[in-house]
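Q: Each residue of the sequence shown is one higher than the one before, counting from 535 in the numbering used here. C-beta atoms are modelled at their ideal positions from N, C-alpha and C, and glycine is treated no differently.
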Amino acid sequence: MIPKAILVVLAGLSLGACVTAATPEPAPEATLKPRDRELLARAPYQKASIPAPYQRHIVDYHRNEAPGTIVVDSDARFLYLVLPNKKAIRYGVTVGEEALAFSGIAKVGNMAEWPGWTPTPDIHKRIEGLPAHVAGGPENPLGARALYLYANGKDTLYRIHGTNQPEYIGTAISSGCIRLTNEDVIDLYSRVKTGTTVVVLAPGTGQPSPMSGAKVAGLGNN
């Protein structure tokens, strides 16, 4: 998976809350293709009420990653897309349970719209009765888009993807992957490309979850 040396570096990173205003950022309608509108209209789940902190925002960003980098704070359940001028788009996410969580530095090695899903042998062991493959569509756990994370030229088997369970945004229940609402992952997908750097911070090095009572608006580097 990810070299231990990289994990040690990540474990040493500290994040401080930056008390700044966060500006809601609706997804531009242009990111939705006709197929997206058709499939989302047939989604087999209720439209979830995403808590305000986990709705998409533009925030101040005070770490040193270059614009275009994706940074995931699993502790706070946030994904940041770094923008120029010390800003970032912040998305709410579902992350992996602690024993299953991924951390490290990776690249987006592949990208897919409405991807199919082939459960790994480990997932088959943990969840009985899964099919060998699930075709792409609104019933698929990968949702509307998937970014496949690679390290050292190899597929890590971890993904950033959509979801058919938007009600769990802001929690840690996944099998290690990072889930966004389908609308948010479509927006993110439209802004990144293959080769994008992805930094997933090690557990315990991020901010507290805003749902635990902490006031969180931005991401600091102190």
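Counting beta carbon pairs with one atom in the segment 615-628 and one in the segment 691-704, are three or more of them shorter than 8 Å?
A: Contact between the segment 691-704 and the segment 615-628 is established, with three or more Cβ pairs separated by less than 8 Å.
Q: When you compare the CB positions of Thr565 and Ile720, do they come within less than 7 Å of one another, or not?
A: Less than 7 Å separates the beta-carbon of Thr565 from that of Ile720.
Q: Is it the case that the Cβ atoms of Pro672 and Ala577 are separated by a distance below 7 Å?
A: yes
Q: Roughly how far, in whole angstroms, is the beta-carbon of Ser583 from the beta-carbon of Leu735, given that I think they are within contact range, below 8 Å?
A: Ser583 to Leu735, Cβ: 27 Å. No contact.
Q: Who are the near neighbours of Asp689 in its chain, counting only those whose CB is closer than 7 Å to its CB and skipping five residues on each side?
A: Gly643, Tyr682
Q: Go through its chain and collect everything with a Cβ distance to Ala610's Cβ below 7 Å, but skip five positions before and after it.
A: Gly740, Gln741, Pro742, Ser743, Pro744, Val750
Q: Leaving out five residues on either side along the sequence, give the residues of the same chain with a beta carbon under 7 Å from the beta carbon of His591.
A: Ala556, Thr557, Pro558, Glu559, Arg624
Q: What is the rounded straight-line gap between the Cα of Val593 and the Cα of Gly704?
A: Rounded to whole angstroms, Val593 to Gly704 spans 17 Å at the Cα level.
Q: Helix, strand or coil for Ala680, going by three-state DSSP, please let me know.
A: strand
Q: Give the secondary structure of Ile584 by DSSP, where H, G and I count as helix, E and B as strand, and everything else as coil.
A: coil
Q: What residues in its chain sit with their C-beta under 6 Å from that of Phe612, if we drop five residues either side in the sequence?
A: The beta carbon of Phe612 sits closer than 6 Å to those of Arg624, all from its chain and outside the five residues before and after it, given in chain order.
Q: Would you mind reading off the limits of the beta strand (DSSP E) that contains Val732?
A: 731-734
Q: Within 10 Å of its beta-carbon, does Glu647 have 16 or more other beta-carbons around it, so buried, or fewer, so exposed?
A: It counts as exposed.
Q: Please report whether the beta-carbon of Ser724 lies at a distance below 7 Å from any beta-carbon of chain C.
A: Of the chains in the structure shown, none is chain C; there is only one protein chain.
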